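Residue numbers (our numbering), protein chains in the order written: chain C, 1 to 269; chain E, 1 to 269. A virtual CB, placed ideally from N, CA and C, is assigned to each residue, including glycine. Here the structure is a predicted model, which is why all the values come from computation and not from measurement.
2 protein chains.
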Amino acid sequence: MLTFIGLGLFDERDISLKGFEAVQSADLVYLEFYTSYLMGTTIEKMEAFYNRPILRLMREDVEQNPDWLENAKTQNIVFLTGGDTMASTTHVDLRIRAEDMGIETRLIHGASITSAVFGLSGLQNYRFGKSVSIPFPYVSSRKNRVVTETPYDTIKFNQESGLHTLVFLDIDRERGYMTVSEALALLLEIEEKRQEGVMKDRIAVGIARAGSDDVRVIADFADQVNAFDLGGPLHILIIPGRLHFIEAEALVKLAGAPACLLQGFSDGL
Amino acid sequence: MLTFIGLGLFDERDISLKGFEAVQSADLVYLEFYTSYLMGTTIEKMEAFYNRPILRLMREDVEQNPDWLENAKTQNIVFLTGGDTMASTTHVDLRIRAEDMGIETRLIHGASITSAVFGLSGLQNYRFGKSVSIPFPYVSSRKNRVVTETPYDTIKFNQESGLHTLVFLDIDRERGYMTVSEALALLLEIEEKRQEGVMKDRIAVGIARAGSDDVRVIADFADQVNAFDLGGPLHILIIPGRLHFIEAEALVKLAGAPACLLQGFSDGL
């Protein structure tokens, strides 16, 4: 049996009771921290808290040579990841491999940033369109700095239907965790070039350290890049589309957005 | 202090360790089960398991007269809901009221069906568009049966960009929990009328009892309504857009979709 367990958002205590019990009764506990990562803990802390040794898997152990899957034929194996379980294609692929080997699989879910953002921002789930990631700029073979425009296009596409866009920020082995300020600066750079008004007079919502006691949510105009001083990682960004009154009120009262956001709504709404 | 806690997907053991500790150390424990509901437990079981009395709030206690909020000025109050916390507008409104009253609020997240569906189906998060709900048909003042076409329009809109649609199914006090079969029959009824091909030769993915040991995921052609015999509630539906190979493989191998889904992909992909 192979049990995929989502650890939740921030530290070793964000796992569900069900997940915690499954870890404690497992024969072997594996973990991968390269597709996502819990900022509020370490593997050592997790081992102490769960009272189990944890075997860390590298990308190649998961994607190229998952020999360790063999153990699941005869033992109870758990596979831990940050957030909800099976968030990345890699995990789906692993589950298919296991099923092909005749191994029974099951999932124990954890809290995910993709739903936490709704509660933290007050923006409603069914008003989000497609989500997107912002990668760090790279230098092309011709030595040009390349800023990917896909995020700008996705935000524009969603805006045309009044929808919000959830924007995941890059994590790079060398450049670290992209901040909301860096992400906004990249989007404004594309706006400067394309001038399609996607980022003009727009509100942005920055969220840092979701799931921790030190969570921060800031809403302000997107060009006030310096206002989004959110502190340490992880950060995530939302570019709202059309706002309902209650959403605007949440951004003003819970995230410090400028009160002018509340104008333009009829009284009594 | 008012702590909003998401209970997760199915029963009393889907709460996080952090949430469990907060419940146990709270002065008062409130719960509302009208915006969502845990199928795998009862308030009595939760009270026994958490070893705390639970005060159940009705819609009017949450939306009209939340007098109980006063208690949070001097005591530690927790407010429990199914799924992740703050999923509905009602909860956002409650949080704004509390902040207006000078009450400190915080969130402890739980697993949400909105992210669980990614892992259960193998369909990737960033390939979903706007989500939608299917309500039960109603009888108009002119005695006509009215089937809302919004879900059909949303699926069509997402399909035009190749995106998947997550479809929430109605819960009605009298008519109970809508099943995937009922939802598909309604969508096919709209297809019959509009003939825009939105549901023609389309795959659907039905999920039942997410988070339980008895979870089921079935993928088949949408017009095979009887194939989606998923058993008891809660059900949720996905109408996939364009599939990546790994998504198609997951539907075939993990959800029993017809193998013809794998045709049309180049070898080696």
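Just the chain C side, please: which residues come within less than 7 angstroms of E/Asn125 by C-beta, in chain order?
Neighbours of E/Asn125 on chain C, chain order: Ala87, Thr114, Ser131.
Expressed to the nearest angstrom, what Euclidean distance is found between the alpha-carbon atoms of E/His109 and E/Ile5?
When rounded, the distance between both Cα atoms is 6 angstroms.
Would you say C/Phe118 reaches chain E, if we count a Cβ-Cβ gap shorter than 9 angstroms as a contact?
Yes, contact with chain E.
So which residues of chain C does E/Asp84 contact, with C-beta pairs closer than 9 angstroms?
Chain-ordered, the chain C residues with CB closer than 9 angstroms to the CB of E/Asp84 read Ala111, Ser112, Ser115, Ala116, Phe118, Gly119.
Within-9 angstroms CB hit, E/Ile78 to chain C:
Residue identity check: residue 78 of chain E is Val in the sequence provided, not Ile. So, not an interface residue.
Chain E contact for C/Ser25 (CB, 9 angstroms cutoff)
Cβ-Cβ to chain E under 9 angstroms: no for C/Ser25.
Can you tell me whether C/Arg95 is helix, strand or coil according to DSSP?
Residue state, collapsed to three classes: helix.
What is the rounded straight-line gap between the Cα of E/Phe221 and the Cα of E/Thr90?
Straight across, the Cα-Cα distance linking E/Phe221 with E/Thr90 is about 36 angstroms.
Interface partners of E/Gly241 on chain C, CB under 8 angstroms:
In chain order: nothing, as chain C lies at least about 10 angstroms away.
Answer with buried or exposed for C/Thr42, where buried requires no fewer than 16 other C-beta atoms within 10 angstroms of its C-beta.
Classification of C/Thr42: exposed, given that the 10 Å Cβ count is below 16.
Use the C-beta contact count for E/Ala48: other C-beta atoms within 10 angstroms, 16 or more gives buried, fewer gives exposed.
So E/Ala48 ends up on the exposed side.
Specify the secondary structure class of E/Gly176 as computed by DSSP and reduced to three states.
In the structure shown, E/Gly176 adopts extended strand secondary structure according to DSSP, grouped into three states.
Identity of the residue in E/Leu186, E/Asp214, E/Ser181 nearest E/Val225 by Cα
Cα-wise, what sits closest to E/Val225 is E/Ser181.
Residues bridged to E/Leu80 by DSSP?
Note: E/Leu80 sits in a beta bridge opposite E/Ile5, E/Leu31.
Chain C within 9 angstroms of E/His91, Cβ atoms only:
Yes, E/His91 counts as interfacial toward chain C.
Can you pull out the residues from the segment 18 to 46 of chain C whose beta carbon lies closer than 9 angstroms to at least one beta carbon of chain E?
Answer set for the segment 18 to 46 of chain C: Lys18, Gly19, Phe20, Glu21.
Assigned exposure category for C/Glu247 - 16 Cβ within 10 Å defines buried:
The residue in question, C/Glu247, is buried, as its Cβ has 16 or more Cβ neighbours within 10 Å.
Below 7 angstroms between beta carbons is the criterion; list the residues of the segment 192 to 219 of chain E that meet it against any residue of chain D, in chain order.
No chain D is present in this structure, whose protein chains are C and E.
Can you find a CB in chain E that lies within less than 9 angstroms of the CB of C/Glu63?
With 9 angstroms as the cut-off, C/Glu63 does not count as an interface residue toward chain E.
Kindly say whether C/Ile54, judged by its beta-carbon, lies nearer than 9 angstroms to any beta-carbon of chain E.
Taking Cβ atoms only, chain E never reaches closer than 9 angstroms to C/Ile54, which makes this a no.
Residue of E/Val205, E/Glu44, E/Ala87, E/Met1 minimising C-alpha distance to E/Asn76:
Among E/Val205, E/Glu44, E/Ala87, E/Met1, the Cα nearest to that of E/Asn76 is on E/Met1.
For C/Ala185, which of helix, strand or coil comes out of DSSP?
In the three-state reduction of the DSSP assignment, C/Ala185 falls in the helix class, which pools H, G and I.
Tell me whether the segment 167 to 186 of chain C and the segment 203 to 220 of chain C touch, counting them as touching only if at least three CB pairs, one residue from each stretch, are closer than 8 angstroms.
Counting C-beta pairs with one atom in each stretch, the segment 167 to 186 of chain C and the segment 203 to 220 of chain C have three or more that are closer than 8 angstroms, which means they touch.
As a quick exercise: from C/Leu17, C/Asn51, C/Leu55, pick the residue whose alpha carbon is nearest that of C/Phe33.
Taking only the C-alpha atoms, the option nearest C/Phe33 is C/Leu55.
Only counting the same chain, and skipping five residues up and downstream in sequence, which positions put a Cβ closer than 8 angstroms to that of E/Gly268?
Residue placement at E/Gly268 is poorly supported in this model, since its pLDDT is 44, which falls under 50; the coordinates still yield a value, given next. Within the same chain, and ignoring the five residues on either side of E/Gly268 in sequence, no residue has its Cβ closer than 8 angstroms to its Cβ.
Can you find a heavy atom of the ligand PLP that lies under 8 angstroms from the Cβ of C/Lys45?
Within the structure as shown, the ligand PLP is missing, as the structure has no ligands at all.
For C/Val146, which residues from the same chain have a beta carbon less than 8 angstroms from its beta carbon, with the 5 sequence-adjacent residues on both sides left out?
If you ignore the 5 residues before and after C/Val146, its C-beta comes within less than 8 angstroms of the C-beta of Pro137, Tyr138, Val139, Ser140, all in its own chain and listed in chain order.
Contact with chain E by C/Asn157, beta-carbon distance below 9 angstroms
According to the sequence shown, residue 157 of chain C is Phe rather than Asn. C/Phe157 has a beta carbon lying within less than 9 angstroms of a beta carbon in chain E.
Within 8 angstroms, do at least three Cβ pairs link the segment 56 to 63 of chain C to the segment 107 to 122 of chain C?
Touching, no, given that fewer than three Cβ pairs across the two stretches are closer than 8 angstroms.
Under 9 angstroms between the Cβ atoms of C/Phe237 and C/Ala204?
One detail in the question is off: residue 237 of chain C reads as Leu in this sequence, not Phe. Yes, the Cβ-Cβ distance between C/Leu237 and C/Ala204 is below 9 angstroms.
Pick from E/Ile155, E/Val215, E/Leu261, E/Phe168: whose alpha carbon is nearest that of E/Glu191?
In terms of CA proximity to E/Glu191, E/Ile155 leads the group E/Ile155, E/Val215, E/Leu261, E/Phe168.
Going by beta-carbon coordinates alone, are E/Met86 and E/Leu107 separated by less than 9 angstroms?
Taking C-beta atoms as the reference points, E/Met86 and E/Leu107 count as a pair closer than 9 angstroms.
What number of angstroms, rounded off, separates the C-alpha of E/Ile113 from the C-alpha of E/Glu149?
Rounded to whole angstroms, E/Ile113 to E/Glu149 spans 24 angstroms at the Cα level.
Could you tell me which residues DSSP puts in a beta bridge with E/Glu106?
The displayed chain sequence assigns Arg, not Glu, to residue 106 of chain E. Secondary-structure assignment with DSSP links E/Arg106 through a beta bridge to E/Thr3.
Name the two residues that bound the continuous beta strand (DSSP E) containing C/His206.
First, the amino acid is wrong: residue 206 of chain C is Gly here, not His. First-last of the beta strand (DSSP E) with C/Gly206: 203 to 208.
Can you tell which of C/Val215, C/Glu104, C/Asn51 has its C-alpha closest to the C-alpha of E/Leu254?
That would be C/Glu104, whose Cα lies nearest to the Cα of E/Leu254.
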